[in-house]
Amino acid sequence: MDKLLIRGGRQLHGEVRISGAKNAALPELCAALLSSEPVTLLNLPRLQDVATMLTLIRNMGVTIEQVEGGVRIDSSKLSSPEAPYELVKTMRASVLALGPLLARFGDATVSLPGGCAIGSRPVDQHIKGLQAMGADIVVEHGYMIAKLPKGRTRLQGASIRTDMITVTGTENFLMAATLAEGETVLENAAQEPEITDLAEMLIAMGAKIEGQGTSRIRIQGVDKLHGCTHRVVADRIEAGTFLCAVAATGGDVVLRHGRADHLDAVIDKLREAGASVAAVEDGIHLHSQGRLVAQSFRTTEYPGFPTDMQAQFMALNAISEGPSKVTETIFENRFMHVNELVRLGANIQVDGKFAVIEGVPQLSGAVVMATDLRASASLVIAGLVADGETIVDRIYHLDRGYDQMEAKLRGIGADIERIKG
Ligand SMILES: CC(=O)N[C@H]1[C@@H](OP(=O)(O)OP(=O)(O)OC[C@H]2O[C@@H](n3ccc(=O)[nH]c3=O)[C@H](O)[C@@H]2O)O[C@H](CO)[C@@H](O)[C@@H]1O
Ligand SMILES: C=C(OP(=O)(O)O)C(=O)O
Numbered sequence: 001m002d003k004l005l006i007r008g009g010r011q012l013h014g015e016v017r018i019s020g021a022k023n024a025a026l027p028e029l030c031a032a033l034l035s036s037e038p039v040t041l042l043n044l045p046r047l048q049d050v051a052t053m054l055t056l057i058r059n060m061g062v063t064i065e066q067v068e069g070g071v072r073i074d075s076s077k078l079s080s081p082e083a084p085y086e087l088v089k090t091m092r093a094s095v096l097a098l099g100p101l102l103a104r105f106g107d108a109t110v111s112l113p114g115g116c117a118i119g120s121r122p123v124d125q126h127i128k129g130l131q132a133m134g135a136d137i138v139v140e141h142g143y144m145i146a147k148l149p150k151g152r153t154r155l156q157g158a159s160i161r162t163d164m165i166t167v168t169g170t171e172n173f174l175m176a177a178t179l180a181e182g183e184t185v186l187e188n189a190a191q192e193p194e195i196t197d198l199a200e201m202l203i204a205m206g207a208k209i210e211g212q213g214t215s216r217i218r219i220q221g222v223d224k225l226h227g228c229t230h231r232v233v234a235d236r237i238e239a240g241t242f243l244c245a246v247a248a249t250g251g252d253v254v255l256r257h258g259r260a261d262h263l264d265a266v267i268d269k270l271r272e273a274g275a276s277v278a279a280v281e282d283g284i285h286l287h288s289q290g291r292l293v294a295q296s297f298r299t300t301e302y303p304g305f306p307t308d309m310q311a312q313f314m315a316l317n318a319i320s321e322g323p324s325k326v327t328e329t330i331f332e333n334r335f336m337h338v339n340e341l342v343r344l345g346a347n348i349q350v351d352g353k354f355a356v357i358e359g360v361p362q363l364s365g366a367v368v369m370a371t372d373l374r375a376s377a378s379l380v381i382a383g384l385v386a387d388g389e390t391i392v393d394r395i396y397h398l399d400r401g402y403d404q405m406e407a408k409l410r411g412i413g414a415d416i417e418r419i420k421g
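Every letter in the sequence shown is one number past the one before it in UniProt numbering, and letter 73, counting from 1, is 73.
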């Protein structure tokens, strides 16, 4: 298992290129299954999750050709609309294959993803919504087996209101509805920029969608979608992670292609903490000097503070001045990084969905274990400011969602290397 070795204490200066977003690329690879014509996705990040999704769809009989900056996906010969457990277990986003397969073939078998470190993450809303569109779905032997009733060839438009806001749920319904008969209205829809990006790709394929980026999305089903070329939106969580890293170490960095307009909640907190952050042409500029002031925050759905930035901002709070309180409202078990941050000298108490942090002036390097994707990123940030050497073990979590993180950090002056294991 690979590890990262970090020698902390360096300020970060220079430019980082932000990659395409994991959470847009994954649904968009599934959206390519909606058409028998080729789809080209550009600005595709080099991530383990993307590789897993490509294996998953290749397994179904899809042809993938590498092109500069991305892939060309040809699903005209897709023969087996199935997502097996072996692939789904390493990546929950595989559930995004369900909506497109069902919409195009009237038939899909997708493994239930199972729980993961940050929470139980059920998919009951996905099933309920697709059932409202006329699918028969049974759960047997750990699989969701979805079919259209006899005599039907298309899903039916429906009004779907989920019990809570769900990002991949909204994406599954959005993709399924593009080929359904009639109108689908998604109420209580997620508003994340990745959903808007997916909707823009679907529109480029001939879908009729209105209201993306709001809580009410309307889709008029069409008979067929065609191919398209789409550029994956920049990863706001990768950008937010680098902002927190530089805010913690001090320094001056431009995040090329970063979208400040997708990170308002995080940038507001960084400014309140004392960092200077500005949108610049095709990027974000951050300048930070000296110890910042810790900030309390509460994770909520977009446009609120993202749960995917909670761990990284907590690492920053751990070495900022004063107390802060972090409230995690989206996932029930997303404080796995706390014990590891404590091993590095942080002062953090957890009580249910609250974490209370008392900033300390200095962390000290140690061996720590990554438990999930963003927990790993928070440990890297802590390692960059800690005294001496920090080893972050189990970074396969990090590789799931960060495109060459250590090379990008080295490029702006961090002392960080990968130890192959
Ligand atoms: C690939 C991708 O885009 N992943 C993101 C997506 O995950 P994902 O789409 O899985 O997260 P959801 O928005 O669905 O989850 C929100 C909450 O709803 C619950 N829920 C969801 C669906 C369901 O059928 N039943 C149910 O109870 C979840 O357990 C969670 O408590 O949004 C999360 C919340 O912003 C992010 O942390 C993930 O990075
Ligand atoms: C939780 C995350 O991703 P996923 O939904 O793919 O597990 C994340 O990106 O932080």
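Quick reminder that beta carbons are idealized off the backbone N, C-alpha and C, glycines included.
What you are looking at is a predicted structure, and each value in this text was computed from that prediction instead of being measured.
task = Go ahead and label Val280 buried or exposed: buried means 16 or more other beta carbons lie within 10 angstroms of its beta carbon, across all protein chains shown.
result = exposed
key: Gly401 to Cys244 span [Cα, whole Å]   = 17 Å
For Val277, the residue or residues it bridges with in DSSP = Leu286
message = Suppose the cutoff is 8 Å on Cβ atoms and the five residues either side in sequence are ignored; what does the same chain contact list for Glu272 look like?
response = Val293, Gln295
task = Report yes if the C-beta distance between Leu379 and Ala370 is below 7 Å; otherwise report no.
result = yes
query = Exposed or buried, what is Val338 when buried is set at 16 or more other beta-carbons lying within 10 Å of its beta-carbon?
reply = buried
query = By DSSP, does Met175 sit in helix, in strand, or in coil?
reply = helix
ask   = Between the Cα of Pro193 and the Cα atoms of Pro122, Leu263, Gly70, which residue gives the shortest distance?
value = Leu263
key: Through-space distance from Ala189 to Ser215, alpha-carbon basis   = 4 Å
query = If you run the structure through DSSP and keep just helix, strand and coil, what is Ser215?
reply = coil
Sequence-distant residues of the same chain with beta carbon closer than 8 Å to Met175, five excluded per side = Pro27, Cys30, Ala31, Leu34, Leu96, Gly99, Pro100, Ala103, Leu198, Leu202
query = Could you give the residue range of the alpha helix (DSSP H) that holds Ile64?
reply = Ile64 -> not in any alpha helix (DSSP H); beta strand (DSSP E) instead, spanning 63 to 67.
ask   = Can you check whether the CB of Ala375 is closer than 7 Å to the CB of Met336?
value = yes
Run of the alpha helix (DSSP H) containing Asn347, from where it starts to where it stops = Note, Asn347: premise wrong, no alpha helix (DSSP H); beta strand (DSSP E) at 347 to 351.
inquiry  = Which residue wins for smallest C-alpha separation from Leu225, given the options Ala247, Ala180, Glu210?
reply    = Ala180
ask   = Helix, strand or coil: which one does DSSP assign to Glu86?
value = helix
query = Expressed to the nearest angstrom, what Euclidean distance is found between the alpha-carbon atoms of Pro81 and Met144?
reply = 12 Å
request  = Express the C-alpha separation of Ala346 and Ala414 in angstroms, rounding to a whole number.
outcome  = 21 Å
inquiry  = ligand 2 and Asp403: does the residue's C-beta get closer than 6 Å to at least one heavy atom of that ligand?
reply    = no
key: Phe297 classed as buried or exposed, judged by whether at least 16 other C-beta atoms fall within 10 angstroms   = buried
query = DSSP state of Asp163, grouped into three classes?
reply = coil
query = Can you give the Cα-Cα distance for Gly211 and Gln191, rounded to whole angstroms?
reply = 10 Å
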